[in-house]
Amino acid sequence: MEVLALTGGVPVHASGWPTWPRFDAATVAAVTEALTSGRWTVTGAWNGRETYERTFARRFAEFVGVPYAVSTDHGSSSLILALEALGIGAGDEVIVPVLTWVATATAVLNVNAIPVFVDVDPDTGCLRAEDLEAAITDRTKAVIVVHLHCRMADMDAIMAVAKARGLRVVEDCAQAHGARWRGTMAGAFGDIGAFSMQQGKVLTAGEGGAVVTHDAGLYERLQQLRADGCRYPDVAPAPGEPYLVDAGDIMGTNGCLGELQAALLLDQLDRLEPWLETRAASAAFLDGELARIPGVRPLARSPHLQRPSIFEYAVRRIPDAFGAKSTAVVRAALQAELGVRVHEPDRPLHQNVLYCPETKERYRWIAAQARPAAGTRFPAAEELYANLILLPHRVLLADRAALHHVVEAFAKVAAHSEEL
Ligand SMILES: Cc1ncc(COP(=O)(O)O)c(C=O)c1O
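This is the structure:
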């Protein structure tokens with residue numbers, strides 16, 4: 086008789102999964118070249134050769150389909166630089182979807198602005214234009230739109246509201262490299278797109294990031310914000326002289342991406358497109374197959390989302406299904422069947438212990454002005470947090486036979502949920 090792996094049975098899949106991050110001899114050669122170049126940062130001396138940092142920014146801008154990009158050290162700093170470049174500051178309100186990683190909101194705090202939480206679309210987990218519009222006050226200056234869980238917010242509707250109401254738009258694309266909505270990549274809709282290249286992301290150098298924009302003025306500000314007020318030179322300096330030149334039009338900080346990381350990102354960027362396509366095809370397969378299993382429902386997908394970017398593959402369990410067992414137990418059973426971490430989404434910010442502005446002296450005044458008021462519920466985000474089941478994106482790089490095992494694992498756990 087078939088027994089669940091969680092209770093001692095044979096797992097559905099025991100042959101492992103593709104690893105992440107991925108590299109080969111060409112990656113080692115690329116990083117070694119940067120290592121031996123003698124220049125490890127864009128803030129170092131000019132050596133007669135374009136920096137990896139700037140080359141990566143150019144190539145990443147091309148990838149997103151925008152004229153300008155600036156490399157950064159993290160996704161979190163990308164968000165802060167974006168808000169600063171847009172002139173968001175003391176007392177401004179910035180609308181943030183409540184279902185996201187904590188960095189989306191802490192970036193707002195970092196520029197002395199007030200994050201205003203808004204619930205998400207119950208079908209996709211992303212921000213909805215009508216909820217954005219309803220939260221606007223005369224203090225609202227910007228919105229950070231987060232594309233996550235393999236979906237994108239409806240950027241046509243959101244940009245229409247932002248235009249009509251005079252809001253600046255930052256897209257948080259930490260989980261959405263290469264996602265495409267009606268022919269345009271995530272990050273290319275708003276004033277600025279902010280990306281993370283942290284280890285788990287689909288384009289990674291361990292740590293890293295980038296900001297992208299269509300606007301030459303914002304590009305100038307972003308350069309200076311990320312390099313203590315310095316910018317790229319108009320003409321190359323003499324060898325041995327610092328590459329970046331002092332500008333000081335706006336005060337910056339050091340958010341520069343290191344040269345080794347930039348070399349690594351250039352190597353990874355060359356591999357990104359086929360990986361995106363493989364994962365998107367795997368996700369389409371899983372969406373179709375898992376929809377047939379009682380109690381499992383893929384997230385709704387707009388026909389405008391031409392290609393999802395699969396950061397964490399997300400599927401929803403229906404609360405009464407799986408013998409009404411808790412989602413934590415269902416996840417544990419799937420994890421035992423598949424031999425890979427099966428996990429929950431980030432906890433919505435209003436319930437997340439990591440979002441705690443009152444613990445920092447400089448944020449106390451903002452915590453006191455929190456909107457909406459403490460105790461407000463966000464039913465869609467809470468329901469998604471309770472019921473989403475996430476798989477790491479490396480699973481979706483596996484072959485079809487292995488993906489069939491994912492489907493079998495769900496079917497097995499559904500059939501044996503009484504034994505959980
Ligand atoms: C939605 C979102 N925004 C921002 C970030 C922050 O990026 P980083 O970790 O590179 O600072 C992350 C990282 O997980 C994220 O998922």
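Under my numbering, the first residue of the sequence shown is numbered 86, with each subsequent residue one higher. Built from N, CA and C at the ideal position, the CB exists for glycine as well. Model, not experiment: these values are computed from the prediction.
* Asked: Looking at the structure shown, is Thr269 part of a helix, part of a strand, or coil, going by DSSP?
  -> Working through the sequence shown from its first residue, we reach residue 269 at position 184. The DSSP-derived three-state label of Thr269 is strand.
* **Beta-bridge pairing of Ser281 - partner residues as DSSP gives them** => Position 196 of the sequence shown, counted from the start, is the residue given in the question as residue 281. Beta-bridge pairing by DSSP links Ser281 to Gly294.
* Can you give the beta carbon distance from Leu89 to Val296, rounded, assuming they're within the 8 Å contact cut? -> On the sequence shown, residue 89 is found 4 positions in, with the first residue counted as 1. On the sequence shown, residue 296 is found 211 positions in, with the first residue counted as 1. The C-beta distance from Leu89 to Val296 rounds to 46 Å, too long to fall under 8 Å, and the pair is not in contact.
* Can at least three beta-carbon pairs, one atom from the region 174-189 and one from the region 311-328, be found at a separation below 8 Å? -> Because the criterion of three Cβ pairs below 8 Å is not met, the region 174-189 and the region 311-328 do not touch.
* To do: Could you check what DSSP says for Gly373 in three-state terms: helix, strand or coil?
  => The residue you call residue 373 lines up with position 288 of the sequence shown. Helix at Gly373.
* Out of Glu256, Pro106, Gly174, state which residue places its alpha-carbon closest to the alpha-carbon of Ser163. => Here the question's residue 163 lines up with position 78 in the sequence shown. Taking only the C-alpha atoms, the option nearest Ser163 is Glu256.
* Asked: Which residues does DSSP pair with Thr126 in a beta bridge?
  -> As a working note, residue 126 is residue 41 in the sequence shown. Bridge partners of Thr126: Gly343.
* **Ranges of the beta strand (DSSP E) found wholly within the region 211-249, counting only runs of at least 3** => Those beta strand (DSSP E) runs which fall completely within the region 211-249 and span 3+ residues are 225-231.
* **Alpha-carbon to alpha-carbon, Gln436 and Asp331** => Numbered from 1 along the sequence shown, position 246 holds the residue referred to as residue 331. Numbered from 1 along the sequence shown, position 351 holds the residue referred to as residue 436. Distance from the CA atom of Asp331 to the CA atom of Gln436, rounded to whole angstroms, is 44 Å.
* If you drop the 5 nearest sequence neighbours on each side, which residues of the same chain put their C-beta closer than 6 Å to that of Glu503? -> If you number the sequence shown from 1, residue 503 lands on position 418. Excluding sequence neighbours, Glu503 sits near Gly408.
* To do: Take Thr363 and list the residues in its own chain whose beta-carbon comes closer than 8 Å to its own, dropping the five residues that flank it on each side.
  => On the sequence shown, residue 363 is found 278 positions in, with the first residue counted as 1. Taken in chain order, the residues that qualify are Leu481, Leu482.
* Please work out which residues of its chain come closer than 7 Å, Cβ to Cβ, to Asp313, disregarding the five sequence neighbours upstream and downstream, and give them in chain order. => The residue you call residue 313 lines up with position 228 of the sequence shown. Correct list, in chain order: Gly337, Thr338, Asn339.
* Within the same chain, show all residues whose beta-carbon is closer than 7 Å to that of Thr92, passing over the 5 residues directly before and after it, in chain order. => Taking the sequence shown and counting its residues from 1, one reaches residue 92 at position 7. Around Thr92: Glu504.
* Could you pull the start and end residues of the beta strand (DSSP E) that Glu504 belongs to? => Residue 504 sits at position 419 when you count from the first residue of the sequence shown. No beta strand (DSSP E) contains Glu504, which DSSP labels as neither H nor E.
* To do: Answer with yes or no whether the minimum CB distance from Thr338 to chain C is below 8 Å.
  => Of the protein chains in this structure there is only one, and it is not chain C.
* To do: Please confirm whether any heavy atom of ligand 1 lies closer than 7 Å to the CB of Gly210.
  => Working through the sequence shown from its first residue, we reach residue 210 at position 125. Within 7 Å of the C-beta of Gly210 there is not a single heavy atom belonging to ligand 1.
* To do: Determine the closest residue to His234 out of Ala499, Ala459, His478, Gly294, with distance taken between C-alpha atoms.
  => One-based indexing of the sequence shown puts residue 234 at position 149. With distances taken between CA atoms, His234 lies nearest to His478 out of Ala499, Ala459, His478, Gly294.
* Asked: Assuming Pro96 and Gly424 make a contact with CB atoms under 8 Å, what is their CB distance in whole Å?
  -> Reading the sequence shown from its first residue, position 11 is the one you call residue 96. Reading the sequence shown from its first residue, position 339 is the one you call residue 424. Indeed, because the Cβ distance is near 6 Å, the residues count as touching under 8 Å.
* What's the gap between the Cα of Arg426 and the Cα of Ala496? -> Translated into positions along the sequence shown, residue 426 becomes position 341. Translated into positions along the sequence shown, residue 496 becomes position 411. In this model, Arg426 and Ala496 are separated by some 18 Å (Cα to Cα).
* Would you call Pro464 buried or exposed, if buried means 16 or more other Cβ atoms sit within 10 Å of its Cβ? -> Translated into the one-based positions of the sequence shown, residue 464 becomes position 379. Within 10 angstroms of the beta-carbon of Pro464 lie fewer than 16 other beta-carbons, which makes it exposed.
* Just how far apart, CA to CA, sit Leu473 and Ile451? -> The sequence position of residue 473 within the sequence shown is 388, counting from 1. The sequence position of residue 451 within the sequence shown is 366, counting from 1. Going from the Cα of Leu473 to the Cα of Ile451 covers about 31 Å.
* Is Leu28 near ligand 1, judged by its Cβ being under 7 Å from some heavy atom? -> Residue 28 falls outside the range modelled here, since the chain spans only 86 to 505, and no answer is possible.
* To do: Following the continuous alpha helix (DSSP H) through Gln309, name the residue where it begins and the one where it ends.
  => Along the sequence shown, one-based indexing puts residue 309 at 224. Start and end: 301-310.
* Asked: So, is Pro318 buried or exposed, given that buried needs 16 or more other C-beta atoms within 10 angstroms?
  -> As a working note, residue 318 is residue 233 in the sequence shown. Burial is judged here by how many other beta carbons sit within 10 angstroms of a residue's own beta carbon; Pro318 has fewer than 16 and is exposed.
* Report the residue ranges of all beta strand (DSSP E) runs contained in full by the region 139-215; include only those spanning at least 3 residues, in chain order. => Segments of the beta strand (DSSP E) lying fully in the region 139-215: 153-157, 178-182, 199-203.
* The alpha helix (DSSP H) with Val414 in it runs from where to where? -> Taking the sequence shown and counting its residues from 1, one reaches residue 414 at position 329. Counting along the chain, Val414 sits inside the alpha helix (DSSP H) bounded by residues 412-423.
* Would you be able to state if there are at least three C-beta pairs under 8 Å between the region 150-163 and the region 227-246? => Segments in contact, no.
* Any heavy atom of ligand 1 closer than 7 Å to the CB of Ala188? -> Counting from one through the sequence shown, the residue named residue 188 turns up at place 103. Under cutoff, so the answer is yes.
* DSSP beta-bridge partners for His428? -> Sequence index remark: in the sequence shown, residue 428 carries index 343 (1-based). BP columns for His428 point to Leu475.
* To do: Please report how far the alpha carbon of Lys410 lies from the alpha carbon of Ala399, in whole angstroms.
  => By one-based count along the sequence shown, residue 410 stands at place 325. By one-based count along the sequence shown, residue 399 stands at place 314. Each residue's alpha carbon lies about 19 Å from the other.
* Taking just the CA atoms, how far does Cys258 sit from Gly272? -> Position 187 of the sequence shown, counting from 1, holds the residue named residue 272. Position 173 of the sequence shown, counting from 1, holds the residue named residue 258. When rounded, the distance between both Cα atoms is 6 Å.
* Asked: Do you know whose CA, among Gly380, Pro404, Ser161, Val287, lies nearest His262's CA?
  -> Sequence index remark: in the sequence shown, residue 262 carries index 177 (1-based). Nearest of Gly380, Pro404, Ser161, Val287 to His262, Cα basis: Val287.
* **Cβ-based burial, Ala175 [other Cβ within 10 Å; buried from 16]** => Translated into positions along the sequence shown, residue 175 becomes position 90. Ala175 comes out exposed.
* **Helix, strand or coil at Tyr470 [DSSP, three-state]** => Against the sequence shown, residue 470 aligns to sequence position 385. The answer is helix: DSSP assigns Tyr470 an H, G or I state.
* Asked: Is Ala417 closer than 8 Å to Ile395 when the C-beta atoms are compared?
  -> Indexing the sequence shown from 1 puts residue 395 at position 310. Indexing the sequence shown from 1 puts residue 417 at position 332. No, Cβ-Cβ distance for Ile395 and Ala417 is not below 8 Å.
* To do: Under 7 Å Cβ to Cβ from Leu217, same chain only, skipping five residues before and after it: list those, please.
  => If you number the sequence shown from 1, residue 217 lands on position 132. Annotation for Leu217: Ile180, Val203, Val228, Ile243, Val246 place their beta carbon closer than 7 Å to its own, counting only its chain and skipping 5 residues before and after.
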